[in-house]
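The structure appears right after this line, and notes come after that.
Chains as they are written, first to last, in our numbering: chain A, 1 to 117; chain B, 1001 to 1110.
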């Protein structure tokens, strides 16, 4: 149980184009999902908290117009990188929060490797 | 602000025990987590400990929590080559967010 998928697993796009990444909780409902960014050999940096049915909450320094987040259902959140540039190349990981018997656990997707040329 | 610190590297021999250490700053953290990340993959939840616990054991994994010193450790007994990965500790803060350490790269030599 508690499986989170991401699609695509990797994508290469040209500078100036937009890319959409999907995050799905496959066997549980998640009112809250999180989007992280990870640079090589570094830790995960939280970008935003995605809440079903409401606007995402962005961390300081993250451009909300650049990284559009939509949490349309209890099992799907999407991250769209708009007008991508080479500096947006990174590993993007989502997580979905599950609550069971009062215990919160976060389950992570396998990540999406974005390369902007 | 919140901060989580880990040592960056640990090298052990197969069969030995590995101990990965972590310190955190937010004393109000409810849960503390250990995740494993293999190359090019996402994070796998290994275990977690509630802040009112001192120890939790799950098969080869033992988590120790010293809340007074804000120190968390993960012990892996009988470490295998398949345990080679990066291990992240994380503390939960308000809103369910996780603050991650830098990750400890565990290298297991045969």
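Glycine included, C-beta positions come from ideal geometry on N, C-alpha and C.
query	result
Continuous beta strand (DSSP E) stretch holding residue 4 (chain A): start and end	4-7
C-alpha gap between residue 1092 (chain B) and residue 1029 (chain B), whole angstroms	5 Å
Where the beta strand (DSSP E) containing residue 81 (chain A) begins and where it ends	76-81
Simplified DSSP state of residue 1058 (chain B), which is helix, strand or coil	strand
Buried versus exposed, by CB contacts within 10 Å (16 or more), residue 37 (chain A)	buried
Neighbour flag for residue 1048 (chain B) against chain A, beta carbons, 8 Å	yes
Residue 1041 (chain B): contacting residues in chain A (beta-carbon distance under 8 Å)	110, 111
Contact set between the segment 1073-1086 of chain B and chain A, restricted to residues whose Cβ is under 8 Å from the partner	none
Under 8 Å from the C-beta of residue 49 (chain A): neighbouring residues of chain B	1095, 1096, 1097
Interface residues of chain B facing residue 93 (chain A) [CB-CB closer than 8 Å]	1042, 1043
Under 9 Å from the C-beta of residue 105 (chain A): neighbouring residues of chain B	1031, 1033, 1045, 1048
Cross-strand partners of residue 1021 (chain B) (DSSP beta bridge)	B:1073
CB contact below 8 Å: residue 960 (chain B) versus chain A	The structure shown does not extend to residue 960 (chain B), since chain B is modelled only from 1001 to 1110, so the question has no answer here.
Option in B:1074, B:1068, B:1087, B:1054 with minimal Cα separation from residue 1062 (chain B)	B:1074
Cutoff 6 Å; reference residue 1109 (chain B); Cβ partners in own chain excluding five residues on either side	1013
Per-residue DSSP class, three states only, for residue 52 (chain A)	coil
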